[in-house]
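Beneath this line is the structure, given in C-alpha coordinates, with notes to follow.
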Amino acid sequence: MLRLPLALAALVLRALRSPLSFLGWSLASFWPRLRLVLRGSGPSRGPTPTSVNYHFTRRCNYKCGFCFHTAKTSFELPLEEAQRGLAMLRAAGMEKINFSGGEPFLTDRGEFVGKLVQFCKQELKLPSVSIVSNGSLIRERWFKNYGEYLDILAISCDSFHEEVNALIGRGQGKKNHVENLQKLRKWCQEYGVAFKLNSVINRFNVEEDMNEQIKALNPVRWKVFQCLLIDGENVGENALREAEKFVISDEDFERFLDRHRDISCLVPESNQKMKDSYLILDEYMRFLNCRNGRKDPSKSILDVGVEHAIKFSGFDEEMFLKRGGKYVWSKADMKLEW
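For the sequence shown, the residue numbers in mature numbering (1 follows the signal peptide of the UniProt record, and there is no 0) are -17 to -1, 1 to 321.
This is the structure we're talking about:
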(Lines of atoms letter the chains of each structure in order from A and count residues from 1; the text may use other names and numbers.)
(Lines give C-alpha, C1' and ligand atoms only; values in the text may rest on other atoms or scores of the structure.)
Protein backbone atom coordinates (compact mmCIF):
# COMPACT_ATOMS: atom_id res chain seq x y z
CA MET A 1 0.00 0.00 0.00
CA LEU A 2 2.98 2.32 0.52
CA ARG A 3 4.30 2.07 -3.03
CA LEU A 4 1.79 4.44 -4.61
CA PRO A 5 2.21 7.43 -2.23
CA LEU A 6 5.99 7.05 -2.19
CA ALA A 7 6.20 6.99 -5.97
CA LEU A 8 3.94 10.02 -6.23
CA ALA A 9 5.98 11.79 -3.57
CA ALA A 10 9.13 11.18 -5.61
CA LEU A 11 7.65 13.09 -8.53
CA VAL A 12 6.66 16.00 -6.28
CA LEU A 13 10.08 16.00 -4.59
CA ARG A 14 11.79 16.25 -7.94
CA ALA A 15 9.65 19.27 -8.79
CA LEU A 16 10.53 20.97 -5.49
CA ARG A 17 14.25 20.27 -5.74
CA SER A 18 14.66 21.40 -9.31
CA PRO A 19 11.61 23.27 -10.60
CA LEU A 20 13.32 24.40 -13.80
CA SER A 21 14.37 20.87 -14.64
CA PHE A 22 10.90 19.59 -13.79
CA LEU A 23 9.22 22.18 -15.97
CA GLY A 24 11.62 21.25 -18.75
CA TRP A 25 10.03 17.83 -18.97
CA SER A 26 7.77 17.61 -21.97
CA LEU A 27 4.17 16.64 -21.32
CA ALA A 28 4.79 13.43 -23.24
CA SER A 29 7.55 12.60 -20.76
CA PHE A 30 5.80 13.69 -17.54
CA TRP A 31 2.27 12.35 -17.96
CA PRO A 32 3.25 8.75 -18.74
CA ARG A 33 5.23 8.69 -15.49
CA LEU A 34 2.36 10.19 -13.49
CA ARG A 35 -0.24 7.90 -15.04
CA LEU A 36 1.90 4.83 -14.31
CA VAL A 37 2.08 5.93 -10.66
CA LEU A 38 -1.66 6.61 -10.43
CA ARG A 39 -2.56 3.29 -12.06
CA GLY A 40 -0.71 1.44 -9.31
CA SER A 41 -1.06 -2.33 -9.29
CA GLY A 42 -4.84 -2.58 -9.51
CA PRO A 43 -6.85 -5.28 -11.29
CA SER A 44 -5.90 -5.99 -14.88
CA ARG A 45 -8.17 -4.62 -17.60
CA GLY A 46 -6.74 -6.74 -20.39
CA PRO A 47 -3.25 -7.61 -21.59
CA THR A 48 -0.41 -5.21 -20.90
CA PRO A 49 1.19 -3.83 -24.09
CA THR A 50 4.68 -4.86 -22.95
CA SER A 51 6.04 -5.15 -26.49
CA VAL A 52 4.35 -3.36 -29.40
CA ASN A 53 5.01 -3.47 -33.14
CA TYR A 54 4.04 -0.15 -34.72
CA HIS A 55 3.68 -0.32 -38.51
CA PHE A 56 3.47 3.44 -39.02
CA THR A 57 3.68 3.16 -42.81
CA ARG A 58 2.59 0.60 -45.38
CA ARG A 59 4.66 2.09 -48.18
CA CYS A 60 7.68 0.08 -49.32
CA ASN A 61 10.33 0.19 -52.03
CA TYR A 62 10.53 -3.63 -52.20
CA LYS A 63 7.91 -6.07 -53.52
CA CYS A 64 8.37 -9.22 -51.46
CA GLY A 65 5.88 -11.77 -52.76
CA PHE A 66 4.85 -13.04 -49.32
CA CYS A 67 4.56 -9.64 -47.60
CA PHE A 68 1.76 -9.72 -45.01
CA HIS A 69 1.53 -5.98 -44.36
CA THR A 70 1.11 -4.48 -47.82
CA ALA A 71 0.64 -0.92 -49.15
CA LYS A 72 -3.16 -0.87 -48.95
CA THR A 73 -3.05 2.79 -47.86
CA SER A 74 -0.45 5.56 -48.02
CA PHE A 75 -1.65 7.15 -44.76
CA GLU A 76 0.89 8.17 -42.13
CA LEU A 77 0.18 10.01 -38.88
CA PRO A 78 1.79 13.39 -38.22
CA LEU A 79 4.83 13.10 -35.94
CA GLU A 80 3.13 14.77 -32.97
CA GLU A 81 0.13 12.41 -33.12
CA ALA A 82 2.40 9.36 -33.34
CA GLN A 83 4.32 10.61 -30.31
CA ARG A 84 1.07 11.14 -28.40
CA GLY A 85 0.05 7.56 -29.05
CA LEU A 86 3.46 6.24 -28.03
CA ALA A 87 3.23 8.19 -24.76
CA MET A 88 -0.19 6.59 -24.13
CA LEU A 89 1.29 3.12 -24.70
CA ARG A 90 4.15 3.87 -22.33
CA ALA A 91 1.66 4.93 -19.66
CA ALA A 92 -0.18 1.63 -20.20
CA GLY A 93 2.98 -0.40 -19.53
CA MET A 94 4.90 -0.61 -22.82
CA GLU A 95 8.57 -1.54 -22.36
CA LYS A 96 9.58 -2.22 -25.95
CA ILE A 97 8.59 -0.59 -29.23
CA ASN A 98 9.44 -1.99 -32.64
CA PHE A 99 9.01 0.29 -35.66
CA SER A 100 8.18 -1.49 -38.88
CA GLY A 101 6.38 -1.02 -42.18
CA GLY A 102 6.26 -1.14 -45.10
CA GLU A 103 9.75 0.26 -45.06
CA PRO A 104 10.23 2.65 -42.10
CA PHE A 105 13.17 4.50 -43.69
CA LEU A 106 11.05 5.54 -46.67
CA THR A 107 9.22 8.29 -44.72
CA ASP A 108 11.12 11.59 -44.81
CA ARG A 109 14.32 9.70 -45.72
CA GLY A 110 14.50 8.07 -42.29
CA GLU A 111 14.07 11.29 -40.32
CA PHE A 112 10.55 10.36 -39.20
CA VAL A 113 11.57 7.03 -37.65
CA GLY A 114 14.74 8.64 -36.30
CA LYS A 115 12.72 11.24 -34.39
CA LEU A 116 10.39 8.54 -33.07
CA VAL A 117 13.35 6.47 -31.91
CA GLN A 118 14.89 9.47 -30.13
CA PHE A 119 11.55 10.39 -28.53
CA CYS A 120 10.97 6.88 -27.21
CA LYS A 121 14.43 6.55 -25.69
CA GLN A 122 15.04 10.12 -24.54
CA GLU A 123 11.55 11.28 -23.49
CA LEU A 124 9.66 8.08 -22.71
CA LYS A 125 12.74 6.27 -21.31
CA LEU A 126 11.77 3.00 -22.98
CA PRO A 127 14.09 0.10 -22.11
CA SER A 128 14.08 -1.11 -25.71
CA VAL A 129 13.62 0.61 -29.08
CA SER A 130 14.03 -1.39 -32.29
CA ILE A 131 13.45 -1.14 -36.03
CA VAL A 132 12.81 -3.75 -38.71
CA SER A 133 13.97 -2.65 -42.15
CA ASN A 134 15.07 -4.06 -45.48
CA GLY A 135 18.14 -1.85 -45.03
CA SER A 136 18.24 -0.45 -48.55
CA LEU A 137 17.67 3.19 -47.57
CA ILE A 138 19.76 3.45 -44.38
CA ARG A 139 22.76 5.79 -44.56
CA GLU A 140 25.66 6.18 -42.12
CA ARG A 141 24.47 9.70 -41.32
CA TRP A 142 21.36 8.20 -39.74
CA PHE A 143 23.51 6.21 -37.32
CA LYS A 144 25.46 9.36 -36.45
CA ASN A 145 22.24 11.22 -35.64
CA TYR A 146 20.12 8.53 -34.03
CA GLY A 147 22.22 5.41 -33.38
CA GLU A 148 22.68 6.14 -29.67
CA TYR A 149 18.90 5.93 -29.13
CA LEU A 150 18.39 2.63 -30.98
CA ASP A 151 18.79 -0.69 -29.17
CA ILE A 152 18.26 -3.14 -32.03
CA LEU A 153 18.27 -2.90 -35.81
CA ALA A 154 16.72 -5.94 -37.47
CA ILE A 155 17.44 -6.37 -41.17
CA SER A 156 15.27 -8.65 -43.28
CA CYS A 157 17.33 -11.06 -45.39
CA ASP A 158 15.86 -14.27 -46.74
CA SER A 159 18.77 -15.55 -48.79
CA PHE A 160 22.48 -15.06 -49.32
CA HIS A 161 22.06 -15.62 -53.06
CA GLU A 162 20.99 -12.53 -54.99
CA GLU A 163 19.08 -14.55 -57.58
CA VAL A 164 16.89 -15.98 -54.79
CA ASN A 165 16.30 -12.52 -53.33
CA ALA A 166 15.24 -11.40 -56.81
CA LEU A 167 12.74 -14.28 -57.07
CA ILE A 168 11.29 -13.30 -53.71
CA GLY A 169 11.15 -9.59 -54.57
CA ARG A 170 13.68 -8.63 -51.90
CA GLY A 171 15.50 -5.98 -53.92
CA GLN A 172 15.32 -2.81 -55.99
CA GLY A 173 17.13 -2.08 -59.22
CA LYS A 174 20.78 -3.10 -59.29
CA LYS A 175 21.36 -2.79 -55.54
CA ASN A 176 22.95 -5.88 -54.00
CA HIS A 177 20.96 -6.80 -50.90
CA VAL A 178 23.65 -9.08 -49.44
CA GLU A 179 26.47 -6.57 -49.93
CA ASN A 180 24.38 -3.86 -48.28
CA LEU A 181 23.76 -6.22 -45.36
CA GLN A 182 27.50 -6.43 -44.70
CA LYS A 183 27.76 -2.64 -44.64
CA LEU A 184 24.89 -2.29 -42.19
CA ARG A 185 26.45 -4.94 -39.93
CA LYS A 186 29.63 -2.86 -39.82
CA TRP A 187 27.78 0.36 -38.99
CA CYS A 188 25.86 -1.32 -36.19
CA GLN A 189 29.14 -2.38 -34.64
CA GLU A 190 30.70 1.06 -35.03
CA TYR A 191 27.73 2.93 -33.54
CA GLY A 192 26.82 0.48 -30.78
CA VAL A 193 23.53 -0.87 -32.11
CA ALA A 194 22.62 -4.53 -31.60
CA PHE A 195 22.32 -6.27 -34.98
CA LYS A 196 19.51 -8.72 -35.65
CA LEU A 197 18.45 -10.72 -38.71
CA ASN A 198 14.94 -11.69 -39.82
CA SER A 199 14.39 -14.41 -42.43
CA VAL A 200 11.13 -15.69 -43.91
CA ILE A 201 11.48 -19.31 -44.92
CA ASN A 202 9.59 -20.10 -48.10
CA ARG A 203 9.65 -22.33 -51.16
CA PHE A 204 12.60 -20.50 -52.72
CA ASN A 205 15.02 -20.63 -49.78
CA VAL A 206 13.90 -23.65 -47.74
CA GLU A 207 16.76 -25.81 -49.02
CA GLU A 208 19.46 -23.18 -48.44
CA ASP A 209 22.27 -23.74 -45.93
CA MET A 210 22.92 -20.40 -44.21
CA ASN A 211 25.15 -21.63 -41.39
CA GLU A 212 28.38 -20.08 -42.61
CA GLN A 213 26.92 -16.64 -43.38
CA ILE A 214 24.93 -16.38 -40.15
CA LYS A 215 27.91 -17.33 -38.02
CA ALA A 216 30.04 -14.74 -39.82
CA LEU A 217 27.46 -11.99 -39.26
CA ASN A 218 26.97 -13.09 -35.63
CA PRO A 219 23.64 -11.32 -34.94
CA VAL A 220 22.30 -11.08 -31.39
CA ARG A 221 19.16 -12.83 -32.69
CA TRP A 222 18.18 -14.55 -35.90
CA LYS A 223 14.40 -14.68 -36.20
CA VAL A 224 13.35 -17.42 -38.60
CA PHE A 225 9.70 -17.16 -39.68
CA GLN A 226 7.60 -19.69 -41.54
CA CYS A 227 5.86 -18.02 -44.48
CA LEU A 228 2.40 -16.99 -43.28
CA LEU A 229 -0.80 -16.33 -45.21
CA ILE A 230 -3.04 -13.43 -44.12
CA ASP A 231 -6.37 -12.95 -45.86
CA GLY A 232 -6.65 -9.56 -47.55
CA GLU A 233 -2.88 -8.97 -47.44
CA ASN A 234 -1.10 -11.76 -49.31
CA VAL A 235 -3.97 -14.08 -50.14
CA GLY A 236 -7.65 -13.64 -51.00
CA GLU A 237 -9.82 -11.41 -53.11
CA ASN A 238 -8.54 -7.99 -51.98
CA ALA A 239 -4.90 -8.96 -51.45
CA LEU A 240 -2.02 -7.10 -53.09
CA ARG A 241 0.17 -10.21 -53.06
CA GLU A 242 -0.33 -13.85 -54.05
CA ALA A 243 1.77 -15.73 -51.52
CA GLU A 244 0.39 -19.23 -52.06
CA LYS A 245 3.38 -20.17 -54.21
CA PHE A 246 5.75 -19.30 -51.34
CA VAL A 247 4.09 -21.48 -48.68
CA ILE A 248 5.97 -24.44 -47.20
CA SER A 249 4.79 -27.29 -45.00
CA ASP A 250 5.47 -27.58 -41.28
CA GLU A 251 7.78 -30.50 -42.08
CA ASP A 252 9.80 -28.42 -44.56
CA PHE A 253 10.15 -25.68 -41.95
CA GLU A 254 11.36 -28.16 -39.34
CA ARG A 255 13.96 -29.52 -41.76
CA PHE A 256 15.31 -25.99 -42.28
CA LEU A 257 15.51 -25.48 -38.51
CA ASP A 258 17.25 -28.81 -38.03
CA ARG A 259 19.86 -27.86 -40.65
CA HIS A 260 20.68 -24.77 -38.58
CA ARG A 261 20.31 -26.28 -35.09
CA ASP A 262 23.91 -25.37 -34.12
CA ILE A 263 23.27 -21.61 -34.42
CA SER A 264 22.64 -20.51 -30.86
CA CYS A 265 20.99 -17.17 -31.74
CA LEU A 266 18.29 -18.81 -33.90
CA VAL A 267 14.73 -18.04 -32.76
CA PRO A 268 12.20 -20.13 -34.73
CA GLU A 269 8.66 -18.88 -35.33
CA SER A 270 6.22 -21.26 -36.92
CA ASN A 271 2.81 -20.11 -38.14
CA GLN A 272 1.29 -21.37 -34.88
CA LYS A 273 3.67 -19.34 -32.70
CA MET A 274 3.50 -16.19 -34.80
CA LYS A 275 -0.20 -15.78 -35.52
CA ASP A 276 -1.61 -14.18 -32.34
CA SER A 277 1.53 -13.54 -30.27
CA TYR A 278 2.31 -10.05 -31.58
CA LEU A 279 0.68 -6.77 -30.62
CA ILE A 280 0.45 -4.97 -33.96
CA LEU A 281 -0.50 -1.33 -34.41
CA ASP A 282 -1.30 -0.14 -37.91
CA GLU A 283 -0.77 3.29 -39.45
CA TYR A 284 -3.88 4.64 -37.67
CA MET A 285 -2.67 3.24 -34.31
CA ARG A 286 -5.33 0.51 -34.35
CA PHE A 287 -4.55 -2.92 -32.92
CA LEU A 288 -4.84 -5.62 -35.58
CA ASN A 289 -6.58 -8.85 -34.58
CA CYS A 290 -5.34 -11.82 -36.67
CA ARG A 291 -7.31 -14.59 -34.92
CA ASN A 292 -9.53 -15.22 -37.96
CA GLY A 293 -6.68 -15.35 -40.45
CA ARG A 294 -7.10 -11.71 -41.43
CA LYS A 295 -6.36 -8.32 -39.85
CA ASP A 296 -9.42 -6.94 -38.12
CA PRO A 297 -8.68 -3.47 -36.69
CA SER A 298 -9.75 -2.12 -33.32
CA LYS A 299 -10.58 1.54 -32.90
CA SER A 300 -7.53 3.81 -32.71
CA ILE A 301 -5.90 4.19 -29.32
CA LEU A 302 -5.84 7.92 -30.09
CA ASP A 303 -9.65 7.93 -30.01
CA VAL A 304 -10.59 5.36 -27.34
CA GLY A 305 -7.42 4.84 -25.30
CA VAL A 306 -5.11 1.85 -24.99
CA GLU A 307 -7.14 -0.13 -22.42
CA HIS A 308 -10.26 -0.16 -24.57
CA ALA A 309 -8.55 -0.80 -27.91
CA ILE A 310 -6.32 -3.61 -26.68
CA LYS A 311 -9.37 -5.70 -25.70
CA PHE A 312 -9.98 -6.19 -29.43
CA SER A 313 -6.35 -7.04 -30.32
CA GLY A 314 -6.71 -10.84 -30.14
CA PHE A 315 -3.34 -10.87 -28.38
CA ASP A 316 -2.24 -14.22 -26.90
CA GLU A 317 -0.01 -13.14 -24.01
CA GLU A 318 0.77 -16.74 -23.06
CA MET A 319 2.05 -17.54 -26.56
CA PHE A 320 4.03 -14.27 -26.56
CA LEU A 321 5.95 -15.50 -23.51
CA LYS A 322 6.16 -19.09 -24.80
CA ARG A 323 7.80 -18.03 -28.07
CA GLY A 324 10.41 -16.02 -26.14
CA GLY A 325 8.89 -12.63 -26.88
CA LYS A 326 10.46 -11.19 -23.75
CA TYR A 327 14.25 -11.37 -23.75
CA VAL A 328 17.31 -9.19 -23.06
CA TRP A 329 16.21 -6.40 -25.38
CA SER A 330 18.02 -3.33 -24.04
CA LYS A 331 21.51 -2.78 -25.43
CA ALA A 332 22.53 -1.47 -22.00
CA ASP A 333 22.17 -5.07 -20.79
CA MET A 334 23.95 -6.64 -23.77
CA LYS A 335 27.64 -7.18 -24.31
CA LEU A 336 28.01 -5.40 -27.64
CA GLU A 337 31.47 -6.72 -28.45
CA TRP A 338 31.21 -8.83 -31.56
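By construction, the Cβ of each residue, glycine as well, lies at the ideal position given by its N, Cα and C atoms.
* What did DSSP end up calling Arg204 once you bin it into helix, strand or coil? -> Translated into positions along the sequence shown, residue 204 becomes position 221. Three-state result, Arg204: strand.
* **Secondary structure of Lys169, DSSP reduced to three states** => Counting from one through the sequence shown, the residue named residue 169 turns up at place 186. Three-state result, Lys169: helix.
* To do: Could you tell me which of Asp214, Ser113, Lys314 sits nearest to Gly97, measuring between CA atoms?
  => Residue 97 sits at position 114 when you count from the first residue of the sequence shown. The shortest Cα separation from Gly97 among Asp214, Ser113, Lys314 belongs to Ser113.
* To do: Let me know the secondary structure DSSP gives Gln155 once reduced to three states.
  => Counted from its first residue, the sequence shown places residue 155 at position 172. Here Gln155 sits in coil by DSSP.
* Asked: Would Gln255 be called buried (16 or more neighbouring beta carbons within 10 Å of its own) or exposed?
  -> Numbered from 1 along the sequence shown, position 272 holds the residue referred to as residue 255. Classification of Gln255: exposed, given that the 10 Å Cβ count is below 16.
* Which residues DSSP lists as bridging Tyr37, in chain order -> Taking the sequence shown and counting its residues from 1, the one referred to as residue 37 is at position 54. Beta-bridge pairing by DSSP links Tyr37 to Phe82, Leu264.
* Enclosing beta strand (DSSP E) for Val115 [first to last residue] -> On the sequence shown, residue 115 is found 132 positions in, with the first residue counted as 1. Segment 111 to 116, the beta strand (DSSP E) holding Val115.
* **Length of the line joining the Cα atoms of Phe241 and Asn128** => Within the sequence shown, numbered from 1, the residue matching residue 241 stands at position 258. Within the sequence shown, numbered from 1, the residue matching residue 128 stands at position 145. Reading off the sequence shown, one finds Asp at residue 241, where the question assumed Phe. In this structure, the CA atom of Asp241 is about 40 Å from the CA atom of Asn128.
* Cβ separation of Lys55 and Leu223, assumed to be a contact under 8 Å, to the nearest whole Å -> As a first step, residue 55 is located in the sequence shown; it is residue number 72 there, counting from the start. As a first step, residue 223 is located in the sequence shown; it is residue number 240 there, counting from the start. Indeed they touch by this definition, with Cβ atoms about 7 Å apart.
* Are Cys248 and Trp205 closer than 8 Å when you measure CB to CB? -> As a working note, residue 248 is residue 265 in the sequence shown. As a working note, residue 205 is residue 222 in the sequence shown. Closer than 8 Å, so yes.
* Asked: How is Glu162 classed by DSSP in three states: helix, strand or coil?
  -> Here residue 162 is taken as the residue at index 179 of the sequence shown, counted from 1. Note: Glu162 maps to helix in three-state DSSP.
* To which residues of the same chain is Leu109 closer than 8 Å at the C-beta, ignoring the five residues directly before and after it? -> Counting from one through the sequence shown, the residue named residue 109 turns up at place 126. Excluding residues within five positions, the ones whose Cβ falls inside 8 Å are Arg73, Met77, Glu78, Lys79, Ile80, Cys103.
* Asked: Is Pro32 closer than 8 Å to Leu304 when the C-beta atoms are compared?
  -> Within the sequence shown, residue 304 is the residue found at index 321, counting from 1. Within the sequence shown, residue 32 is the residue found at index 49, counting from 1. Not a contact, by the Cβ cut-off of 8 Å.
* Can you tell me where the beta strand (DSSP E) with Ala74 in it begins and where it stops? -> Along the sequence shown, read from residue 1 onward, the residue named residue 74 stands at position 91. It is not in any beta strand (DSSP E) - Ala74 instead sits in the alpha helix (DSSP H) that spans 62 to 74.
* Asked: DSSP state of Pro251, grouped into three classes?
  -> Here residue 251 corresponds to residue number 268 of the sequence shown, with the count starting at 1. Three-state result, Pro251: strand.
* **Selected residue, minimal CA-CA separation from His144, among Asp265, Asn188, Tyr45** => By 1-based counting over the sequence shown, the position of residue 144 is 161. In terms of CA proximity to His144, Asn188 leads the group Asp265, Asn188, Tyr45.
* Asked: Between which two residues does the alpha helix (DSSP H) containing Asn128 stretch?
  -> As a working note, residue 128 is residue 145 in the sequence shown. That run of the alpha helix (DSSP H) goes 123 to 129.
* Asked: Can you pull the DSSP bridge partners for Ser139?
  -> Along the sequence shown, read from residue 1 onward, the residue named residue 139 stands at position 156. Answer by DSSP bridge pairing, in chain order: Asn181.
* To do: Give the DSSP-derived three-state secondary structure of Pro32 in the structure shown.
  => Residue numbering aside, residue 32 sits at position 49 when the sequence shown is read from its first letter. DSSP, read as helix, strand or coil, puts Pro32 in coil.
* By a C-beta neighbour count over all protein chains shown, 10 Å radius and 16 as the cutoff for buried, is Lys278 buried or exposed? -> Taking the sequence shown and counting its residues from 1, one reaches residue 278 at position 295. It is buried - the Cβ of Lys278 has at least 16 other Cβ atoms within 10 Å.
* How would you label Pro202, buried or exposed, when you count the other beta carbons within 10 angstroms and need 16 or more for buried? -> Numbered from its first residue, the sequence shown carries residue 202 at position 219. It is buried - the Cβ of Pro202 has at least 16 other Cβ atoms within 10 Å.
* Per DSSP, what kind of secondary structure is Val100 in: helix, strand or coil? -> To locate residue 100, count along the sequence shown from 1; it is residue 117. Helix at Val100.
* Asked: Closest to Trp125 by CA distance: which of Ile151, Val147, Ala149, Asp91 is it?
  -> One-based indexing of the sequence shown puts residue 125 at position 142. Per the Cα distances, Asp91.
* **Residue from Ser116, Ala226, Val207, Gln209 whose Cα sits closest to the Cα of Glu216** => Position 233 of the sequence shown, counted from the start, is the residue given in the question as residue 216. The option with the nearest alpha carbon to Glu216 is Ala226.
* Measure the CB-CB distance between Ile184 and Ile231 and report whether it falls below 8 Å. => As a first step, residue 184 must be located in the sequence shown, where it is residue number 201. As a first step, residue 231 must be located in the sequence shown, where it is residue number 248. Cβ atoms of Ile184 and Ile231: closer than 8 Å.
* Quick one, which of Leu164, Glu220, Glu290 has its alpha-carbon nearest residue 333's? -> This structure cannot speak to residue 333, because the chain is shown only from -17 to 321.
* Compare the beta carbon distance of Phe229 and Gln209 with 8 Å and say whether it is the shorter of the two. => Numbered from its first residue, the sequence shown carries residue 229 at position 246. Numbered from its first residue, the sequence shown carries residue 209 at position 226. No, the pair does not count as a contact, with Cβ atoms beyond the cut-off.
* Under a Cβ-count criterion, where at least 16 other Cβ atoms within 10 Å of its own Cβ denotes burial, should Arg168 be classed as buried or exposed? -> Looking up residue 168 in the sequence shown gives position 185. So Arg168 ends up on the buried side.
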